[in-house]
Amino acid sequence: MVYLDNSATTRQYDSVTEIMTEYMKKDFGNPSSLHRLGIQAEKGIKNARKEIALALGAKSEEIVFTSGGTEADNMALLGTASARKRRGNKIITTAVEHPAVLETVKRLEGQGYYIVEYIGVDEKGNLDVKALQEAVDEATILISVMGVNNEVGTVEPLEEIIRIKNEYNKAKGTDILFHTDAVQALGKIPMSFQGVDLISVSGHKIHGPKGIGALYIRKGLTIEPYLIGGGQEKNMRSGTENVPAIVGFGHAAKQIRENFEKRILAMSEARNYLLKGIKEEIKDIKVNGVEQDTLSGESGLCSPSVLNISFLGTRGEVILHTLEQADIYVSIGSACSSNKNGQSHVLKAMGLNSKEIESAIRFSFNEFNTMEEMDYVLEHVKSAVTKFRKLGSFR
């Protein structure tokens, strides 16, 4: 099997499964309980919180566990909007965000009070920084821009956004917040989150378990609680904690932090090897986003984990299922929206035409991919593209 759909989810590390099993079988207590089993569970959560904080360059008390990246995005957006509605009613985001952000701001917009301004991107997926700067005004309460695009891998200019936010706040005496969905950034590129107020991350994108994520909330910042009840997670998200998943997430975060340079170099080598082969062996292709990847996190370049290519004259879904028959797994866009009707909103926002969008395939990599696997993938991609171009599968 060759798995190249790591932006959708990753295979859980064996060590993550082992430590989760221990907390399911042995240390299974409720972390709110006062006895030994409860204390052990609480220790597991504390250690995991520390590891997530270290991965983000944050403090443990700034981490709130959630059920995943989607809930973290919802908590950041809805919690900020509710807590700050007396300060303003404007939210600025982009046209290429994950549905967890776009659908949430649409709901806020539909309430009739909040105004949402969507900033465009260029043909490579780069944010129009000038347009964002012009959009900021005294009614703005929140800016939300993802760190790395989940479909094309473009690294967005977080430092520029932070500068714009800080300069405006200083000049006008406002307190605009900045949220970033870092689900596709964590563990894939080095990023500085200093100056970001809210950060969403997810466990299953870094070889941790599904159903667990976290929201970083800058110390001193107050947003409305997401779930009310027993007061867990510092009153931000009530409900008994999913201890095995939290511990597994923390362990995965530790693994990616300790092996970071090696991991991203392996992804980059596999990505660029496959890209070179495709460019040499297959005609009429279009690389969507930025061809050049980055190991340093430089904005305007591409994450080493993502490669999005349109094979003109084909249908991406047909190629996907043909590759599946060869035990190769890729995708045609975001896993959270690719099963719905309609074309990729990301590729549309980048200005691609219908044929370019419908023929797009996303390859996304992990540190275990080998050059031998890439040779195998290239062979089968070339065969599938050649076959279906002859058959006229695009019509």
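Take 1 as the starting number for the sequence shown in full-length UniProt numbering and just add one per residue.
Backbone N, C-alpha and C fix where the C-beta goes; we use that ideal spot for every residue, glycine too.
Its Cα nearest to that of G125, the residue M350 stands out among M350, R49 and I357. With contacts defined as CB atoms closer than 9 Å, E61 and T93 fail to qualify as a contacting pair. At the C-beta level, E356 and L312 come within 9 Å of one another. Counting of Cβ neighbours within 10 angstroms places L102 among the buried residues, the total reaching 16 or more. At a cut-off of 4 residues, the continuous stretches assigned as alpha helix (DSSP H) that sit fully inside the region 139–222 are 158–172. Per DSSP, the beta bridge partners of L127 are V121.
Within the region 225–312, the complete alpha helix (DSSP H) segments of 4 residues or longer fall at 243–258 and 260–281, listed in chain order. Beyond the five residues adjoining it in sequence on each side, M1 comes within less than 6 Å, by CB distance, of D327 in the same chain, given in chain order. In this structure, the straight-line span from the alpha carbon of M24 to that of I206 is close to 21 Å. Under a 10 Å Cβ-count criterion, N166 is classified as exposed, with fewer than 16 other Cβ atoms of the shown protein chains found around its own Cβ. The region 197–216 makes contact with the region 179–187: 3 or more CB pairs, one atom from each, lie closer than 8 Å.
The beta-carbon distance between Y114 and I91, rounded to whole angstroms, is 6 Å. This is short enough to meet the 8 Å contact definition. Going by beta carbons, S238 and I228 fall inside the 9 Å limit.
The C-beta distance from G153 to C302 rounds to 4 Å, short enough to meet the 8 Å contact threshold. When secondary structure is reduced to three states using DSSP, D137 falls in the coil class, being assigned neither helix nor strand. One thing to note: M20 has its Cβ no nearer than 9 Å to the Cβ of V96. The Cβ atoms of G211 and R263 do not sit closer than 9 Å to each other. For the pair N30 and K46, the Cα-to-Cα distance works out to about 14 Å. S15 is positioned such that its CB atom lies closer than 9 Å to that of Q255. Looking at the backbone, the Cα of E241 and that of A72 are separated by about 15 Å.
Beta-bridge analysis with DSSP links V2 to I328. Of all C-beta pairs linking the region 217–237 to the region 270–277, fewer than three are shorter than 8 Å, placing the two stretches out of contact. According to DSSP, residue pairing for A72 in a beta bridge does not occur. The beta carbon of A266 lies closer than 6 Å to those of E367 in the same chain, with the five residues before and after it left out.
At least 9 Å separates the beta-carbon of V155 from that of I176. About 19 Å separates the beta carbon of R362 from that of S383, a gap too long to meet the 8 Å contact definition.
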